[in-house]
Structure formats: C-alpha cells, structure tokens
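Enquirer: In order, the protein sequence lines correspond to chains A and B. Going by the numbering used here, the first residue of the first sequence is number 1, and it counts up by one from there. Going by the numbering used here, the first residue of the second sequence is number 1001, and it counts up by one from there. Think of the CB as a built atom: it goes at the ideal place given N, C-alpha and C, for glycine as much as any other residue. Remember, predicted model here, so these are calculated numbers, not experimental data. Dropping a structure here in structure tokens format, bear with me for questions.
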Amino acid sequence: GAVVSQHPSWVICKSGTSVKIECRSLDFQATTMFWYRQFPKQSLMLMATSNEGSKATYEQGVEKDKFLINHASLTLSTLTVTSAHPEDSSFYICSARDFWGGYNEQFFGPGTRLTVL
Amino acid sequence: AQSVTQPDIHITVSEGASLELRCNYSYGATPYLFWYVQSPGQGLQLLLKYFSGDTLVQGIKGFEAEFKRSQSSFNLRKPSVHWSDAAEYFCAVDMRFGAGTRLTVKP
C-alpha cells in the first residue's frame, strides 16, 4: 500500500512551452501533497504544500506563477511549469500524506526529470 | 522555523566498519523525524522514522537511529557497512530535508 505515482517519468520540452506533471496516490486519499525540486547531487527543496481543495502554499522564493499547483481531488495533484526555460530543468518529486491515518509520514513518487531545451 | 543540519557532506568508510551519520534539527515541538536513502538514479526509500516513544528506532537494512532531545539530534547508525550501502542519505524533519550525506564504502 501507500503508493504514489508520477507521470511522466521524464519529459523534454522546448523553451517557452508549459509542462504538466501529475502526482497520484494510488491506494489512499492524500489530504496533503508536497512538491519538491532536486538538482543534481543536491537535496530535496520543498517548493510548495497543497491541501485538497485549497490553494497551494509556496515556499519563499518559489514563483507561484511559474509553478502552478492544483490539488483538485484527494488522489491527484498537478504541477505545471509555465513558460519553461533551461534553468527550470530539474528532477521534480511529489509526495503525499494521509493525515487521517493518524501518521505524519509522506509517501514519495519516483520523480519526474524535466529537461528544457 | 524548522531546520535540519547534516554537518557531513561526504563520509567514506571501509566495508565492515561501523557508521554514524549525524543529523541536528531545530524545531519548536516534538518533531517527526525521518531518515531516507537515495541511490543514484533511484527514488527515495524510507529507512526509519521517529514520531514518539522509544528513542532508539530500528529501521530497514540494519540501520538504527537515536533521538536525543537534549542534543536536538537524530543520528543514524549501522554496526557493519556493506558495499551496497553506498548512497546519499537524507535526514528530514517533517517535510523538510537536510542537505544530505554522501556515503562511499571502500572495499
């Protein structure tokens, strides 16, 4: 149980286009989802926290107009990188938490590698 | 504000030797603490977690960690390292991660 999927696993796009990444909790309801960014050989940087049905809360320094997050259902959150540029190339990881289970543990997706040409 | 510090960027140990990876945190209440491992090209794997109770936590792959409130620490230990343990290790407080410690294992 507690499986989180991401789609796509990798994507290449041209500069100026938008890319949508999906994060799904497959066997539980995710009241909260998190989006992270990881540069090569670096740690995971929390970008934003989203609660189902609410607007996402972005970390300081993260452009909310650049990284649009939608958490419209208890099993799906999406991250859209708008007008992507080469500096947006990174590994994006989502995680989901089922708070109602009484735990504060996150379950991580496998990540999406974005390359912007 | 929450913060997590992993003071060692890179550690090298010999196979069979013991290992301790350090983690210090800053948090106002009792924290939820985690250790994860990430191998090259792989996703995150949870090694162990601490929410409450016994301060010595056993995890997978022979790892353990001890929560010390007085020192604000949650260090990860393993008595005998295997070559397959070479990876990046991350300590996390709730949803925030430390910078990571890269472990190299010498034959």
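For the region 14-45 of chain A, which residues have a beta carbon sitting closer than 7 Å to at least one beta carbon of chain B?
Expert: Answer in chain order: F34, S43 and L44.
Enquirer: Per the contact definition of three or more C-beta pairs closer than 8 Å, is the region 71-86 of chain A in contact with the region 9-25 of chain A?
Expert: The answer is yes - the region 71-86 of chain A touches the region 9-25 of chain A, with three or more Cβ pairs under 8 Å.
Enquirer: Check whether the region 80-90 of chain A and the region 65-72 of chain A are in contact - that is, three or more C-beta pairs closer than 8 Å.
Expert: The region 80-90 of chain A, when compared against the region 65-72 of chain A, does touch it at the 8 Å Cβ threshold.
Enquirer: Unbroken beta strand (DSSP E) runs of length 3 or more, entirely within the region 1015-1083 of chain B: which are they?
Expert: Entirely contained in the region 1015-1083 of chain B, the beta strand (DSSP E) runs reaching 3 residues are, in chain order, 1019-1021, 1024-1026, 1033-1038, 1044-1050, 1056-1058, 1064-1068 and 1073-1078.
Enquirer: Ignoring anything shorter than 3 residues, give me the beta strand (DSSP E) runs that lie fully in the region 7-83 of chain A, in order along the chain.
Expert: Listed in chain order, the complete beta strand (DSSP E) runs (minimum 3 residues) inside the region 7-83 of chain A are 10-13, 19-25, 32-38, 44-51, 67-73 and 76-81.
Enquirer: Does the structure place the region 1092-1102 of chain B close enough to the region 1003-1022 of chain B that three or more beta carbon pairs sit under 8 Å?
Expert: As far as the Cβ criterion goes, the region 1003-1022 of chain B touches the region 1092-1102 of chain B, which means the pair count is three or higher.
Enquirer: Give me the residue from B/S1070, B/A1092, B/S1039 and B/L1044 with the minimum Cα distance to B/C1023.
Expert: Taking only the C-alpha atoms, the option nearest B/C1023 is B/A1092.
Enquirer: What does A/P110 reach in chain B if we use C-beta pairs closer than 7 Å?
Expert: By Cβ distance, chain B contributes G1043.
Enquirer: State the start and end residues of the unbroken beta strand (DSSP E) segment that holds B/V1004.
Expert: Segment S1003 to T1005, the beta strand (DSSP E) holding B/V1004.
Enquirer: Can you tell me the Cβ-Cβ gap for A/Q29 and A/D98, rounded? I've got them flagged as a contact below 8 Å.
Expert: With a Cβ gap of about 6 Å, A/Q29 and A/D98 count as contacting.
Enquirer: I'd like to know whether the C-beta atoms of A/K41 and A/V116 end up nearer to each other than 9 Å.
Expert: For A/K41 and A/V116, no; Cβs fall outside 9 Å.
Enquirer: Starting from the beta carbon of A/E105, find every residue of chain B whose beta carbon is closer than 7 Å, and list them in chain order.
Expert: Per Cβ cutoff of 7 Å: K1049.
Enquirer: According to the Cβ coordinates, are B/D1085 and B/K1061 closer than 9 Å?
Expert: Yes, they are a contact pair.
Enquirer: Quick check on A/T115 - is its C-beta less than 9 Å from some C-beta in chain B?
Expert: Taking Cβ atoms only, chain B never reaches closer than 9 Å to A/T115, which makes this a no.
Enquirer: For the candidate residues A/Y36, A/T31 and A/R113, whose alpha-carbon lies nearest to that of A/N51?
Expert: Nearest option by C-alpha distance: A/T31.
Enquirer: Can B/R1096 and A/L26 be called in contact, C-beta distance under 9 Å?
Expert: No. Outside cutoff.
Enquirer: Pull up the CB-CB distance for B/S1026 and B/Q1002, whole angstroms please, since I reckon it's below 8 Å.
Expert: Confirmed, about 7 Å.
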